[in-house]
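Peer 1: In this note's numbering, the protein residues as written are 36 to 616.
Quick one: the structure is below, questions incoming.
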């Protein structure tokens, strides 16, 4: 009778092809068995042909009853001090929790994961610090001359970072250093100084960046600096995917002979045909844009060259040890003189008429503007209100600013992309309508307005990066974030953007709102993503684990007295045994 009543509540129209309702009974229970299932949480597994959820549950129970899942590797004193369970006991409630209240007993598993990760990066750092310097260098007067003749003074943070880089390059061990600074904090000049020092000591230096626009900009800036300073020891070449075949052959020959000693480019630097004569320094700019293989391939082009990693993407301080524990870190926390404060406003799309009027006023004063859209072209499957670069640029030119010079730019325009960017930098374009391709490294001091459409489509850190494209000259600059999304999280995000320009504070807020994102994706040593731990929830446990790791390594740096723990680190991170001994 119950089944009949329930069936009657469904509309037969849902099954017009059969004209009747059907019930599929998957399993029958006795009252006692049903009562037991009713008051417990049941795991649901992804299934393939031939497997049922019931069968997998049965097999999991057998495994847990008949054998240990893993050998205990944590020292007893650590487990006791931090109140951790045996690993095999910790697995049971995580797989088969009795109810929602017992599903949180995974503290041991989270602790284990954090600990293995931290130990791995710390041991990697120790091995790097012990690696011999195959390219010994000495300080040179040329770098001092460059700093003295610059039209601006380096900040205290820049000077500290440079002294750390110079000390590393001239030490007896290999440099492996990250320079992390907010947008516009002045990382590029430090990379140029490092390349000059390397060349003056008789070696080659390579700078790899993620986009052709940025590669061209760095090449032009470096060439101009060398000409202004009268430095003739550096012979730079530019190598990108757009370089003609004839030019590539010439450049390959100059690199192989050592005639070209400063090589700037994109991933083209790691192509098989590129052979370096004596590559002593490898620099990757905006390192988060490269995968493990690309960075490793560039380093492999030389015989253990020095490594300098540059990043303008602030990482929350709470994650710095986890992510960059294997690198020495230099922080640029000051902006160079002349950097303007950028006024930021979050408004709905109903403000467009006022925004356009303000944009026209700035252009009339001689300024330029960026407009960033989330899409390249319109997509029928996405909301109509999302702006697309091509259609939006065309609409603005025809209907709003017929008298202004408007141009679109996006990553699918290669090789035209670089020409458009150079035209904008030369003030041949008033308004550049773009995707996030302009997020990295573009420097146009005359640009005074950053208008970001559909701001809800971008992460906080990405919004901050885009905002940093303006305010790079002497003119007052503005950032306008347009969004009609009324969700509480979006309101909070836009409030943060409007109230602070501190990239590290923004990154912390991004972590709270969106989780760690891709912070733990592939990086230069191929460390894996976290599987159990949730950094947005487990930060207090992370601090405990860091303390435990420090205790262990202080007493046993190579984990020789903890062979099981050492074996787990080797296994998890696929480090060969020789590198860990």
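Each residue gets a CB set at the ideal place from its N, CA and C atoms; glycine is no exception.
Can you give me the C-alpha to C-alpha distance between residue 442 and residue 536, rounded to a whole angstrom?
Peer 2: Roughly 29 Å between the two C-alpha positions.
Peer 1: Does the Cβ of residue 85 lie closer than 7 Å to at least one heavy atom of the ligand PLP?
Peer 2: Although the ligand PLP was asked about, the structure shown includes no ligands whatsoever.
Peer 1: Taking 8 Å as the cut-off, does the region 228-245 touch the region 288-303 (at least 3 CB pairs, one atom from each stretch)?
Peer 2: Yes, the region 288-303 touches the region 228-245.
Peer 1: Just the C-alpha distance for residue 208 and residue 168, rounded to the nearest angstrom, thanks.
Peer 2: Rounded to the nearest angstrom, the two C-alpha atoms are 4 Å apart.
Peer 1: Tell me the start and end of each unbroken beta strand (DSSP E) in the region 162-234 that is at least 3 residues and wholly inside, in chain order.
Peer 2: Whole beta strand (DSSP E) segments, 3+ residues: 211-216.
Peer 1: Mapping DSSP to helix, strand and coil, what is residue 464?
Peer 2: Correct three-state label for residue 464: coil.
Peer 1: What are the complete alpha helix (DSSP H) segments, minimum 4 residues, inside the region 244-298?
Peer 2: As far as the region 244-298 is concerned, its whole alpha helix (DSSP H) runs of at least 4 residues are 247-264 and 280-292.
Peer 1: On a Cα-Cα basis, can you pick out the residue from 522, 473, 65 and 153 that is closest to residue 583?
Peer 2: Comparing Cα positions, the closest option is 153.
Peer 1: Rounded to whole angstroms, what's the CA-CA distance from residue 429 to residue 412? Just pull it up for me.
Peer 2: So the two alpha carbons sit approximately 12 Å from each other.
Peer 1: Are the beta-carbon atoms belonging to residue 532 and residue 516 less than 8 Å from one another?
Peer 2: Yes, Cβ-Cβ distance for residue 532 and residue 516 is below 8 Å.
Peer 1: Which same chain residues, not among the five before or five after residue 222, have their C-beta less than 6 Å away from its C-beta?
Peer 2: Only 214, 216 and 345 meet the Cβ criterion.
Peer 1: Can you tell me whether residue 580 is helix, strand or coil according to DSSP?
Peer 2: In this structure, residue 580 counts as helix in the three-state DSSP scheme.
Peer 1: Around the Cβ of residue 191, are there at least 16 other Cβ atoms within 10 angstroms (buried) or fewer (exposed)?
Peer 2: Classification of residue 191: exposed, given that the 10 Å Cβ count is below 16.
Peer 1: Could you compute how far the alpha carbon of residue 421 sits from the alpha carbon of residue 436?
Peer 2: Computed Cα separation, rounded: 20 Å.
Peer 1: DSSP three-state call for residue 512: helix, strand or coil?
Peer 2: It is a strand residue.
Peer 1: So the candidates are 120, 266 and 70; which of them puts its Cα closest to the Cα of residue 147?
Peer 2: Closest option to residue 147, Cα to Cα, is 120.
Peer 1: Taking 8 Å as the threshold (C-beta atoms), are residue 398 and residue 471 in contact?
Peer 2: Not in contact: residue 471 and residue 398 (Cβ atoms no closer than 8 Å).
Peer 1: Just to confirm before moving on: does the CB-CB distance between residue 202 and residue 343 stay below 8 Å?
Peer 2: No. Outside cutoff.
Peer 1: Quick one: what does DSSP say residue 445 is sitting in, helix, strand or coil?
Peer 2: Coil.
Peer 1: Using a Cβ-Cβ cut-off of 8 Å (strictly less than) and excluding sequence neighbours within five positions of residue 566, which residues of its own chain qualify?
Peer 2: Excluding positions up to five away in sequence, the list reads 148.
Peer 1: Helix, strand or coil, according to DSSP, for residue 380 in the structure here?
Peer 2: Here residue 380 sits in strand by DSSP.
Peer 1: Could you give the residue range of the alpha helix (DSSP H) that holds residue 430?
Peer 2: Note, residue 430: alpha helix (DSSP H), 424-430.
Peer 1: With a 10 Å radius around its C-beta and 16 neighbouring C-beta atoms as the bar for buried, classify residue 543 as buried or exposed.
Peer 2: Buried, since its Cβ has 16 or more Cβ neighbours within 10 Å.
Peer 1: Can you give the beta carbon distance from residue 204 to residue 172, rounded, assuming they're within the 8 Å contact cut?
Peer 2: Yes, residue 204 and residue 172 are in contact; Cβ-Cβ is about 5 Å, under 8 Å.
Peer 1: Could you please give the first and the last residue of the uninterrupted beta strand (DSSP E) stretch that includes residue 111?
Peer 2: Here residue 111 belongs to no beta strand (DSSP E); instead the alpha helix (DSSP H) covers 111-116.
Peer 1: How many whole angstroms separate the CB atoms of residue 88 and residue 82, which I take to be in contact at a CB cut-off of 8 Å?
Peer 2: Indeed they touch by this definition, with Cβ atoms about 6 Å apart.
Peer 1: Can residue 266 and residue 225 be called in contact, C-beta distance under 8 Å?
Peer 2: Going by C-beta atoms, residue 266 is not nearer than 8 Å to residue 225.
Peer 1: Is the separation between the beta-carbon of residue 277 and that of residue 453 shorter than 8 Å?
Peer 2: Going by C-beta atoms, residue 277 is nearer than 8 Å to residue 453.
Peer 1: Count the other CB atoms, across all protein chains shown, that sit within 10 Å of the CB of residue 554; report buried if there are 16 or more and exposed otherwise.
Peer 2: Residue placement at residue 554 cannot be trusted, given a pLDDT of 49 that sits under 50; the coordinates are not used to answer.
Peer 1: Quick check: what's the CA-CA separation for residue 312 versus residue 336?
Peer 2: So the alpha carbons of these two residues sit roughly 9 Å apart.
Peer 1: Taking residue 143 as the reference, which of 161, 284, 109 and 157 has the closest Cα?
Peer 2: Minimum Cα distance to residue 143 is reached at 109.
Peer 1: How would you call residue 111, buried or exposed, if buried means at least 16 neighbouring beta carbons within 10 angstroms?
Peer 2: So residue 111 counts as exposed.
Peer 1: I need the DSSP call for residue 363, collapsed to helix, strand or coil.
Peer 2: Strand at residue 363.
Peer 1: Ends of the alpha helix (DSSP H) at residue 238?
Peer 2: Per DSSP, residue 238 belongs to no alpha helix (DSSP H) and is neither H nor E.
Peer 1: What would DSSP say about residue 483, mapped onto helix, strand or coil?
Peer 2: The answer is strand: DSSP assigns residue 483 an E or B state.
Peer 1: Looking at the structure shown, is residue 76 part of a helix, part of a strand, or coil, going by DSSP?
Peer 2: Coil at residue 76, not helix or strand.
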